[in-house]
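Under this note's numbering, the first residue of the sequence shown carries the number 120, and numbering increases by one thereafter. See structure below.
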Amino acid sequence: MNQIMECIPNFSEGRDLEKVEKIAGTFRAKEQVKLLDYSTDKDHNRCVITAVGEPEALRDAVIEAVGTATALIDMTKHDGQHPRMGATDVVPFVPVRNCTLEDADRIAKETAAAIADRYGVPVFLYEKSATASHRENLANIRKGQFEGMAEKMKKPMWRPDFGPDTIHPTAGVTAVGARMPLVAFNINLNTSDLRIADEIAHRIRYINGGFRFVKSMGVMLEDRNLAQVSINMTDYTKTSLYRVFETVKMEAQRWGVNVVGSEIIGLTPMAALVDCAEYYLRIENFRMDQILETRL
């Protein structure tokens, strides 16, 4: 069977849908590549695209998409709730079928080299592709964001892995790497007090002593006047969604605040949701092959 790899590039545009369509369009009508999903968020001012395909074909489509984003997005005019450092902010490659993290790492490095060579955009390697331990965590690389990145890159420890030693004037900096599947899981609170969401995010994220496979931050949803705990679950098999959800509910109650909803951005593995169903429904001895769709 063919190798199948997934890529979930994040682009710093979530308001101009014409630009988003042009970027997403680079994945359409490509042999051995399929555009599965793309979503936008006006508050985050960000677009997340999910595509799968054979590794080399997917690599080439991603490189083209980065070129389109570089031409269309001007980071000097960008603002949004989500931290960002580039027009193409982050490009993760994830093994799906008949391929390994090592295969994803190879494709990530080939992609990173091409982005730097063709478009003059500096690229950092992160997660499983990182060349140093302090570059594994994307938050460490992104700290300072677009506005502070030029000064940050003057330090020897923050020279990019590929490309020039300073930011692209309008496209900024990009991170590329191989990683395991990630679930982007956001929890909305019935409060407009961003400090509460910030405090909860601080308590649950690993870097502050929380769950090992959780990254989180507080975000304000301006159009709904709600504070949100925005979460990246970096390994749902070891830190489950329901455990984080229940912890956020418990922490919110300290401020007299309730959870009013949650959302998943992009695609997610079925097992991550089945795990939640087992917990909340108290299903005993459940097996994945009991799901109809897995037997078709």
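All residues carry an ideal CB built from backbone N, CA and C; glycine is no exception.
To the nearest angstrom, how far is the alpha carbon of Gly385 from that of Ser158?
7 Å
Helix, strand or coil at Asn327 [DSSP, three-state]:
helix
Flag this pair as touching only if the stretch 281-295 and the stretch 141-161 have three or more C-beta atom pairs under 8 Å; answer yes or no.
no
Anticipated Cβ contact below 8 Å, Pro241 with Pro275, distance rounded:
With 8 Å as the limit, Pro241 and Pro275 do not qualify as a contact, their Cβ atoms being about 14 Å apart.
Look up Thr169 in the DSSP assignment and say whether it is helix, strand or coil.
strand
So, with DSSP's three-state summary, where would you put Asp198?
coil
Reference Thr310; option with closest CA among Val338, Val302 and Arg331:
Val338
Assign Leu415 to one of three DSSP states: helix, strand, or coil.
coil
Within 10 Å of its beta-carbon, does Ser252 have 16 or more other beta-carbons around it, so buried, or fewer, so exposed?
exposed
Between the alpha carbons of Tyr245 and Pro388, how many angstroms are there, rounded?
22 Å
Among Asp394, Lys262 and Glu341, which residue has its Cα nearest to the Cα of Gln200?
Glu341
Going along the chain, which residues of its own chain have a beta-carbon closer than 8 Å to the beta-carbon of Asn351, five neighbours each way excluded?
Leu301, Val302, Ala303, Phe304, Val333, Lys334 and Ser335
Other residues of its chain near Val376: CB distance less than 7 Å, five sequence neighbours each side excluded
Leu308, Asn309, Thr310 and Ile315
Who are the Cβ neighbours of Asn437 in its own chain at under 8 Å, not counting the five residues just before and after it?
Because the chain spans 120 through 415 in this model, residue 437 falls outside it and cannot be assessed.
If you drop the 5 nearest sequence neighbours on each side, which residues of the same chain put their C-beta closer than 6 Å to that of Phe281?
Ala231, Ala232, Ala235 and Val242
Lys129 versus Arg298 - alpha carbon distance:
It should be pointed out that residue 129 corresponds to Asn in this sequence rather than to Lys. Roughly 15 Å separates the two Cα atoms.
Helix, strand or coil, according to DSSP, for Leu191 in the structure here?
helix
His98 (DSSP reduced to helix, strand or coil)
Within the shown structure, residues of the chain are numbered from 120 to 415, placing residue 98 beyond reach of any answer.
Check whether the stretch 163-183 and the stretch 262-272 touch, using three or more Cβ-Cβ pairs below 8 Å as the test.
no
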